[in-house]
């Protein structure tokens, strides 16, 4: 055989193998896997993902599931006249079924408890956005472990693309594009999912209860426009 033909034949064989691999279905996930596209609804319509049920599972449940305590902070946004307070738990570089990602859990806490916790805060730091980050007092740290999870933000290390998103999550009900930055939001209101995809593949996935989806949609509609679905 002509030696000059060997590299070309090897490349052709590799391309053929790669093509077959792309056409093959994904292997089934092992029992107990907690994958970002495995989203279902509970009997009362709450979103279930990563082994957690929004509005029912607590921060303590998530800590047990993840095997990490996370970093818990209170945040203050808005103006002095109309402040907006929230508490979030941040979990960095978690591995679930070989997928590495950061998690942000937003907790459901009554406003009066947030106001009291802000007054007891041990240290306040200013963020680049102008918001304030507050280190909680120990008694509030302990109390908020029992607070239910209101929303989950999932920040995967892997870069995604529209084809992979549709393959994993299905066809979105709607796509909205932010004019500044070109971020495309793939929206699944019936499951409470917003997948924000940047041009470089960086992805942010937010999960809320379907009944609360307007809390994600309303600010998007104020600044974004609909992306037409390409005709087949």
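Numbering (my numbering), first residue to last: 2 to 233.
Glycine included, every Cβ here is placed at the ideal spot set by N, Cα and C.
In this text, all values refer to a predicted model and were calculated from it rather than measured experimentally.
Among the options, nearest to residue i - alpha-carbon criterion
i	options	result
residue 155	148, 40, 104 and 216	104
residue 198	179, 76, 84 and 133	179
residue 112	83, 221, 97 and 100	83
residue 39	45, 92 and 53	53
residue 151	85, 209, 221 and 66	209
residue 44	220, 215, 211 and 223	211
residue 117	144, 100, 96 and 98	144
residue 86	214, 188, 115 and 47	115
residue 201	182, 81 and 192	182
residue 186	64, 225, 110 and 47	225
residue 108	122, 56, 64 and 164	56
residue 78	102, 139, 125 and 121	125
residue 101	120, 122 and 67	67
residue 48	223, 142, 195 and 222	195
For residue i: DSSP bridge partner residues
i	result
residue 185	178 and 198
residue 81	Partner(s): none; residue 81 has no beta bridge.
residue 165	Residue 165 is not bridged to any residue.
residue 205	197
residue 91	72 and 105
residue 41	49
residue 1	Any answer about residue 1 is impossible in this case: the structure gives the chain only from 2 up to 233.
residue 227	177
residue 36	Looking at the DSSP assignment, residue 36 forms no beta bridge with any residue, so it has no partner.
residue 86	77
residue 97	100
Any chain E beta carbon closer than 9 Å to residue i
i	result
residue 225	In the structure shown, chain E does not exist; there is a single protein chain.
Where the beta strand (DSSP E) through residue i begins and ends
i	result
residue 49	48-50
residue 152	150-157
residue 136	133-136
Residue interval of the alpha helix (DSSP H) (run including residue i)
i	result
residue 219	215-224
residue 102	Careful: residue 102 lies outside any alpha helix (DSSP H), inside the beta strand (DSSP E) at 100-108.
residue 124	Where residue 124 is concerned, there is no enclosing alpha helix (DSSP H), although the beta strand (DSSP E) it sits in stretches over 124-127.
residue 121	112-121
residue 139	139-145
Integer-rounded CB distance, given that residue j should sit under 8 Å from residue i
i	j	result
residue 137	residue 217	The pair is not a contact, with the Cβ atoms about 26 Å apart (cut-off 8 Å).
residue 176	residue 227	7 Å
residue 174	residue 149	About 26 Å; that fails the 8 Å criterion.
residue 36	residue 98	6 Å
residue 42	residue 168	Actually they do not touch by this definition, with Cβ atoms about 21 Å apart.
State whether the segment 153-169 contacts the segment 200-207, with contact taken as three or more CB pairs (one from each stretch) at a distance under 8 Å.
Between the segment 153-169 and the segment 200-207, the count of Cβ pairs shorter than 8 Å is three or higher; the stretches touch.
Would you check if there are 3 or more beta carbon pairs closer than 8 Å linking the segment 124-135 to the segment 58-72?
At 8 Å Cβ cutoff, the stretches do not touch.
For the pair the segment 85-105 and the segment 66-73, tell me if three or more CB-CB distances fall below 8 Å.
Taking 8 Å as the limit for Cβ pairs, the verdict is that the segment 66-73 does touch the segment 85-105.
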